[in-house]
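Here the structure comes first, spelled out in structure tokens, and everything after it is commentary.
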Ligand SMILES: [Zn+2]
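In the numbering used here, the protein residues as written are 237 to 542.
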């Protein structure tokens, strides 16, 4: 009969927050992911609160309320401190509007061309009301067309530097077409309602797709409970876990010890020595109880059974 031979490994799976289609409470999820493969969540349009404004070229622009308030602060900051006057080209497009566009294009150019050039209704980030396309005014002139806007990288650089401060991120980064499905667009910004998080995302150089993917892969947290850590399976487990921790594959929180194969003090010493040996004395060791929860066994009595 095996007695306390195997150490128990506790793998605690931390709950991962669900992203993308999570509409918590009555508010909208400002971290929502809408792209060519993720559609606008059900019920989004009913919940969305927007404002309408008229831009400098006379177009009506509809924007999610909080995103618009943040945009105004960004606009004010850029105007005051960088002498850059930004404007809103377009922001929200409803699913119905997108369907109209598809219909018009299909009639005029045929389904093949339409599929290539117009986003599928339900799969455009502009449906969210949180995606804003900017343009700017220079010396009293509107720099409005894409081909003109790309001629001013130094202006975009200054705009991008201030996005996070107001809870915006740049959405379609350079060289990430294969991930976002779009080429670099310096004008397309996205409101996420969290300046601190926006700063982290902008500094990471990751797209929203990559960032959310990283977040859902929250590292498993591992605690190893051992009754002996000499040159045996437990020592090997410590080594493997420490290596995996080092490689960022999991989060090795620590070791707990218990009496078992050897007495408690010996088990603790062995665990500490093993960690020292592999150069990971930074991993904490917590000494547990010498006595099993069910009490000590009477070895002499048990031996009679065999
Ligand atoms: Zn856009």
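Every residue, glycine too, gets a C-beta built ideally from N, C-alpha and C.
### Task
Could you tell me whether any non-hydrogen atom of ligand 1 is closer than 7 Å to the CB of residue 274?
As a working mapping, residue 274 is identified with position 38 in the chain shown. No - ligand 1 has no heavy atom lying nearer than 7 Å to the Cβ of residue 274.
### Query
Which residues have their C-beta within less than 5 Å of a heavy atom of ligand 1, listed in chain order?
Taken from the N-terminal end onward, the list reads 369, 424.
### Query
In terms of residue numbering, what span does the alpha helix (DSSP H) encompassing residue 458 cover?
As a first step, residue 458 is located in the chain shown; it is residue number 222 there, counting from the start. No alpha helix (DSSP H) holds residue 458; the beta strand (DSSP E) holding it covers 457-462.
### Task
Just tell me which of 489, 468, 333 has its CA closest to the CA of residue 477.
Here the question's residue 477 lines up with position 241 in the chain shown. Closest option to residue 477, Cα to Cα, is 489.
### Query
Where does residue 492 sit, in a helix, a strand or coil, going by DSSP?
Your numbering for residue 492 matches position 256 in the chain shown. The answer is strand: DSSP assigns residue 492 an E or B state.
### Task
Please work out which residues of its chain come closer than 6 Å, Cβ to Cβ, to residue 412, disregarding the five sequence neighbours upstream and downstream, and give them in chain order.
Counting from one through the chain shown, the residue named residue 412 turns up at place 176. The residues are 443.
### Message
Using 8 Å as the threshold, is the C-beta distance between residue 426 and residue 512 below it?
### Response
By 1-based counting over the chain shown, the position of residue 426 is 190. By 1-based counting over the chain shown, the position of residue 512 is 276. Going by C-beta atoms, residue 426 is not nearer than 8 Å to residue 512.
### Query
Assuming residue 544 contacts residue 340 under a Cβ cut-off of 8 Å, what Cβ separation, rounded to an integer in Å, is found between them?
The question about residue 544 has no answer, for the chain in this structure spans 237 to 542.
### Task
Could you spell out the range, first to last residue, of the alpha helix (DSSP H) harbouring residue 405?
Here residue 405 refers to the residue found at position 169 of the chain shown. Where residue 405 is concerned, there is no enclosing alpha helix (DSSP H), although the beta strand (DSSP E) it sits in stretches over 404-406.
### Query
Hey, out of 461, 457, 332, 497, whose CA is closest to residue 485's CA?
Translated into positions along the chain shown, residue 485 becomes position 249. Per the Cα distances, 457.
### Query
Taking the DSSP output, what are the residues bridged to residue 266?
Working through the chain shown from its first residue, we reach residue 266 at position 30. Answer is none; residue 266 lacks a bridge partner.
### Query
If we count the other Cβ atoms within 10 Å of its Cβ and call it buried at 16 or more, is residue 407 buried or exposed?
For this step, residue 407 is matched to residue 171 along the chain shown. Result: buried.
### Message
Taking 6 Å as the limit between beta carbons, can you name the residues of its chain near residue 537, skipping five residues before and five after?
### Response
The residue you call residue 537 lines up with position 301 of the chain shown. Excluding residues within five positions, none has a Cβ falling inside 6 Å.
### Query
If you count every other CB in all the chains shown that lies within 10 Å of the CB of residue 243, and 16 or more means buried, which is it?
Taking the chain shown and counting its residues from 1, one reaches residue 243 at position 7. Because the pLDDT at residue 243 is just 36, under 50, the model does not fix this residue reliably, and the value given afterwards should be weighed accordingly. Residue 243 comes out buried.
### Query
Nearest to residue 527 by alpha carbon, out of 500, 506, 521?
Position 291 of the chain shown, counting from 1, holds the residue named residue 527. Taking only the C-alpha atoms, the option nearest residue 527 is 500.
### Message
At the level of alpha carbons, what is the spacing between residue 252 and residue 357?
### Response
Taking the chain shown and counting its residues from 1, one reaches residue 252 at position 16. Taking the chain shown and counting its residues from 1, one reaches residue 357 at position 121. For residue 252, the pLDDT reaches just 32, beneath the cut-off of 50, and the residue's location in the model is therefore unreliable, leaving the point undetermined.
### Message
I need the DSSP call for residue 354, collapsed to helix, strand or coil.
### Response
Within the chain shown, numbered from 1, the residue matching residue 354 stands at position 118. Three-state DSSP puts residue 354 in coil, outside helix and strand.
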